[in-house]
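Numbering (the UniProt record's numbering), first residue to last: 1 to 270.
By construction, the Cβ of each residue, glycine as well, lies at the ideal position given by its N, Cα and C atoms.
Note that the structure is predicted; figures quoted are calculated from it, not measured.
As structure tokens, the structure follows; a few thoughts come after it.
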């Protein structure tokens, strides 16, 4: 079934950002942006250089995404069983525009321990096909920045089935959480660490962790909380956020994580 979800819409001690070759390259790349394009750069709270002068992050079109699949053991034949997308409005989940749907995979799915309860052949047999909801997903995703927890896993699966989708780029809450001293960066643990349990109960009380709707709503709530922890004095520019959380689209060269997204930001700034 297709479900249109309607709803209402101190800090953890932070350590230094991860060090290493990739992060030094990011900093060098950001500095080179300013030299080549005249884009000013500034250091973030955690020492990483970021382009400045773009609109604030909450002015960007962002949508949180999560999928449930049949499992990576199916390789290229992995089926999508459930999808959810939650747009953000001024940096907060816009639950009135949230979308979630079960997906009929067109074949039996063997019972597996990691499949979320409720994703059974009997239930999925009456669900719409992915192709039938593709136009809705296109409206939600095309031209938007897609955010998720370990977002590249979900995006690779979705783009394999719907290669025509065209997001602006990818943002990863897991990558953002790695710049802070959380002992456990699993999505459910971050919800607890960021004191989001009450908000999640109100927004997704009828869902549960490891279902597409719950996980996408959680990512939509976790993102602004992490941003506030990293930039407590004022909201960052979107370019600064993308430098910290951006992930390269799989269709782009991936010699350095996130750099294709950063190139797109620079194109938008100039």
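Exercise. Helix or strand or just coil, what does DSSP make of residue 227?
Worked result: In this structure, residue 227 counts as helix in the three-state DSSP scheme.
Problem set entry | Residue interval of the alpha helix (DSSP H) (run including residue 80) | Judged by DSSP secondary structure, residue 80 falls outside any alpha helix (DSSP H) and instead within the beta strand (DSSP E) spanning 80-89.
Problem set entry | residue 125 classed as buried or exposed, judged by whether at least 16 other C-beta atoms fall within 10 angstroms | Exposed, because fewer than 16 other Cβ atoms sit within 10 Å of the Cβ of residue 125.
Exercise. If you count every other CB in all the chains shown that lies within 10 Å of the CB of residue 175, and 16 or more means buried, which is it?
Worked result: Buried is the call here.
Exercise. What is the C-beta distance between residue 213 and residue 134, in whole angstroms, given that I count them as a contact (C-beta under 8 Å)?
Worked result: Contact check for residue 213 and residue 134: beta-carbon distance about 19 Å, past the 8 Å limit, so the pair fails to qualify.
For this session: Using three-state DSSP, classify residue 114 as helix, strand or coil.
Result: Residue 114 falls in the coil class under three-state DSSP.
Exercise. Taking one C-beta from the region 220-227 and one from the region 176-186 each time, how about it: are there three or more such pairs within less than 8 Å?
Worked result: Contact check between the region 220-227 and the region 176-186: three or more CB pairs, one atom from each, fall below 8 Å, which counts as touching.
Problem set entry | Bridge partner(s) assigned by DSSP for residue 105 | In DSSP, residue 105 forms no bridge with anything.
Problem set entry | Reference residue 111, options 102, 121 and 104, closest by Cα | Comparing Cα positions, the closest option is 121.
Problem set entry | Alpha-carbon spacing of residue 109 relative to residue 70, whole angstroms | In a straight line, the C-alpha of residue 109 is about 7 Å away from that of residue 70.
Exercise. Which value, in whole angstroms, describes the spacing of the CA atoms of residue 76 and residue 172?
Worked result: Between residue 76 and residue 172, the alpha-carbon positions lie close to 23 Å from each other.
Exercise. Cβ of residue 101 less than 7 Å from any chain D Cβ?
Worked result: Although the question refers to chain D, the structure presented lacks it and comprises just one protein chain.
For this session: Note down, one range per segment and in chain order, each beta strand (DSSP E) of at least 3 residues found wholly within the region 185-241.
Result: Runs of the beta strand (DSSP E) inside the region 185-241: none found.
For this session: Taking 7 Å as the cut-off, decide whether the C-beta atoms of residue 235 and residue 56 are in contact.
Result: Less than 7 Å divides the Cβ of residue 235 from the Cβ of residue 56.
Exercise. Assuming residue 220 and residue 64 make a contact with CB atoms under 8 Å, what is their CB distance in whole Å?
Worked result: So it is a contact: roughly 4 Å between Cβ atoms.
Exercise. What number of angstroms, rounded off, separates the C-alpha of residue 154 from the C-alpha of residue 68?
Worked result: When only Cα atoms are considered, residue 154 and residue 68 end up about 8 Å apart.
Problem set entry | Local conformation of residue 156 per DSSP, three classes | For residue 156, the three-state secondary structure derived from DSSP is helix.
For this session: Less than 8 Å between the CB atoms is what I'm expecting for residue 151 and residue 247, so what's the real figure, rounded?
Result: Correct: roughly 6 Å between the Cβ atoms.
Exercise. Taking DSSP as the reference, what is the three-state secondary structure of residue 131?
Worked result: Helix at residue 131.
Problem set entry | Residues of its chain near residue 145, where Cβ-Cβ distance is below 6 Å and the 5 sequence neighbours each way are ignored | Hits under 6 Å: 60, 62, 168, 169 and 171.
Exercise. Just curious, the beta strand (DSSP E) that residue 66 is in, first and last residue?
Worked result: Note, residue 66: beta strand (DSSP E), 62-69.
For this session: Output the distance between the C-alpha atoms of residue 211 and residue 231, rounded to the nearest integer angstrom.
Result: Roughly 30 Å separates the two Cα atoms.
Exercise. Residue 76 lies in the beta strand (DSSP E); which residues open and close that run?
Worked result: No beta strand (DSSP E) contains residue 76, which DSSP labels as neither H nor E.
Problem set entry | Inter-residue CB distance, residue 156 and residue 250 (contact presumed, cutoff 8 Å) | 6 Å between Cβ atoms; contact.
For this session: Return the chain-ordered list of same chain residues with a C-beta closer than 7 Å to the C-beta of residue 218, the five sequence neighbours on each side being excluded.
Result: Closer than 7 Å at Cβ, skipping near neighbours: 187, 191 and 200.
Problem set entry | Beta-carbon gap between residue 148 and residue 66 smaller than 7 Å | In this structure, residue 148 places its C-beta atom within 7 Å of the C-beta atom of residue 66.
For this session: Between the Cα of residue 81 and those of 161, 136, 54 and 91, spot the shortest distance and give me the residue it belongs to.
Result: Among 161, 136, 54 and 91, the Cα nearest to that of residue 81 belongs to 161.
For this session: Under 6 Å Cβ to Cβ from residue 104, same chain only, skipping five residues before and after it: list those, please.
Result: The beta carbon of residue 104 lies closer than 6 Å to those of 124, 127 and 129 in the same chain, with the five residues before and after it left out.
For this session: Compute the Euclidean distance between the alpha carbons of residue 204 and residue 239, then round it to the nearest angstrom.
Result: Approximately 30 Å between the Cα atoms of the pair.
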